[in-house]
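Worksheet: the structure to be examined is printed underneath.
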Amino acid sequence: MEVALSLWIEDRNQKRVPLSGPMVREKAKRLYGHFKEPDGSFSGERTDGGFQASEGWFNKFMVRQSLHNIKIVGEAASADIVAAGRYPEEFANLVADGGYKPEQVFNADETAMFWKRMPNKTFISKSEKSAPGFKAAKDRVTLLLCSNASGDCLIKPLMLYRSFNPRALKNENKDNLPVFWRANKKAWVTSAIFCDWFRNCFVSEVETYLKKQNLDFKALLVLDNAPGHPRELETMHPNIKVTFLPPNTTALLQPMDQGIIQAFKLYYIRRTFKIILDNMECNSDMNVMDCWKKFDIAKCIANIKESSEELKPHTLKSCWKKLWPALTAENDEESVQVQILTANIAEIANGIGRDGFEP
1 MEVALSLWIE
11 DRNQKRVPLS
21 GPMVREKAKR
31 LYGHFKEPDG
41 SFSGERTDGG
51 FQASEGWFNK
61 FMVRQSLHNI
71 KIVGEAASAD
81 IVAAGRYPEE
91 FANLVADGGY
101 KPEQVFNADE
111 TAMFWKRMPN
121 KTFISKSEKS
131 APGFKAAKDR
141 VTLLLCSNAS
151 GDCLIKPLML
161 YRSFNPRALK
171 NENKDNLPVF
181 WRANKKAWVT
191 SAIFCDWFRN
201 CFVSEVETYL
211 KKQNLDFKAL
221 LVLDNAPGHP
231 RELETMHPNI
241 KVTFLPPNTT
251 ALLQPMDQGI
261 IQAFKLYYIR
271 RTFKIILDNM
281 ECNSDMNVMD
291 CWKKFDIAKC
301 IANIKESSEE
311 LKPHTLKSCW
321 KKLWPALTAE
331 NDEESVQVQI
341 LTANIAEIAN
351 GIGRDGFEP
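Residues in the sequence shown are numbered from 1 upward in steps of one, following full-length UniProt numbering.
Listed below in structure tokens is the structure:
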């Protein structure tokens, strides 16, 4: 749970979304609800009154996860609950006025991912901290994920890396990769890169998809107020309307933040563990670190493709329930799915055995 929470905090920080202590604690309680065991325990601890995410726990969590550089602001700046409560009605009117079907309504969001970082309790993670020059855990990529409200269209991910032509991709035609490949020194989405994605990736993919669905080529793209999302997008294409969520409502309303990105990262971790386990089973002489050193950016891209393909339509659709309540009924199906996925990750980790994990 704490690993998932720290990833969420890092995402918010990268996008300059203000966070408060109460907001982080509330997110912790929600994640705990996803990950807890059926008997109410978590990480071997009984919680008779349920996990409360107290202020004391929050302070210790920040130290445990080494989140020293994360800016935590006052509660008032963290999330505009009033605006988030009002906006779904405004959004519904926007959809109705434009005559948009769920297939024509999209949301896109960036997420940072340390593609070669394992949870703190793995042997790999401990070795990274002690091995001179082994900095793979801090090697970051940024992904831009985008899907529609009907859940049947997931745009090919945009992926940014710090190098356009890393060693593992030197002989690859980047246009044939299962991601839209871009690069800059910070591996982050700038306004120029986002506009390039909009014009040269998003528009063509949406047009092709809507044509197959026998629907008019028009779409509504919902974005947050991240620095990389310029207002000029509003007039960039005659067939695509771009609308922005109210400030400080991203964590409360944005579909990608309601479970899509979380599910994707869980699939990614599961597949990564499975790669390690399969390699060790095929070659008894290989240990965890041997497998891990062979996991390069090319394998990461393949993993991203396969993980994104595991996102199910009902997952993509259900995450619109906060922004577009009329679209989908409340249910606990996604919570159950996350619990199953987490249990499966733990099972694979056990298969790797003590060679890879702390007792």
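Heads up, the beta-carbon is just placed ideally off N, CA and C, and yes, glycines get one too.
Reduced DSSP category for residue i - H, G, I as helix; E, B as strand; rest coil
{"i": "Leu177", "result": "coil"}
{"i": "Ile240", "result": "strand"}
{"i": "Leu154", "result": "strand"}
{"i": "Asp296", "result": "coil"}
{"i": "Thr328", "result": "coil"}
{"i": "Glu2", "result": "helix"}
{"i": "Leu233", "result": "helix"}
{"i": "Glu172", "result": "coil"}
{"i": "Met256", "result": "helix"}
{"i": "Cys319", "result": "coil"}
{"i": "Asp11", "result": "helix"}
{"i": "Glu310", "result": "coil"}
{"i": "Ala28", "result": "helix"}
{"i": "Leu210", "result": "helix"}
{"i": "Asp285", "result": "coil"}
Residue(s) in a DSSP beta bridge with residue i
{"i": "Tyr161", "result": "Ala183"}
{"i": "Val105", "result": "Leu220"}
{"i": "Arg140", "result": "Phe114"}
{"i": "Asn148", "result": "Phe106"}
Nearest-angstrom beta carbon gap, residue j and residue i [assumed within contact, 8 Å]
{"i": "Leu316", "j": "Ile260", "result": "6 Å"}
{"i": "Asp196", "j": "Asp109", "result": "That pair is no contact at about 17 Å."}
{"i": "Glu103", "j": "Gln213", "result": "6 Å"}
{"i": "Arg25", "j": "Phe51", "result": "About 10 Å separates the two Cβ atoms, so there is no contact after all."}
{"i": "Lys241", "j": "Gly98", "result": "6 Å"}
{"i": "Gln262", "j": "Ala4", "result": "7 Å"}
Range of the contiguous alpha helix (DSSP H) that encloses residue i
{"i": "Phe273", "result": "Ile260 to Cys282"}
{"i": "Thr249", "result": "That residue, Thr249, is in no alpha helix (DSSP H); it is neither H nor E in DSSP."}
{"i": "Glu89", "result": "Ile81 to Gly98"}
{"i": "Gly56", "result": "Glu55 to Arg64"}
{"i": "residue 379", "result": "Within the shown structure, residues of the chain are numbered from 1 to 359, placing residue 379 beyond reach of any answer."}
Spatial distance of residue i from residue j (CA atoms)
{"i": "Phe164", "j": "Arg182", "result": "7 Å"}
{"i": "Leu158", "j": "Val189", "result": "10 Å"}
{"i": "Ile275", "j": "Gly33", "result": "29 Å"}
{"i": "Ile193", "j": "Asn279", "result": "37 Å"}
{"i": "Met1", "j": "Met286", "result": "30 Å"}
{"i": "Leu215", "j": "Tyr209", "result": "9 Å"}
{"i": "Val95", "j": "Leu220", "result": "8 Å"}
{"i": "Val179", "j": "Leu160", "result": "9 Å"}
{"i": "Asp11", "j": "Ile155", "result": "20 Å"}
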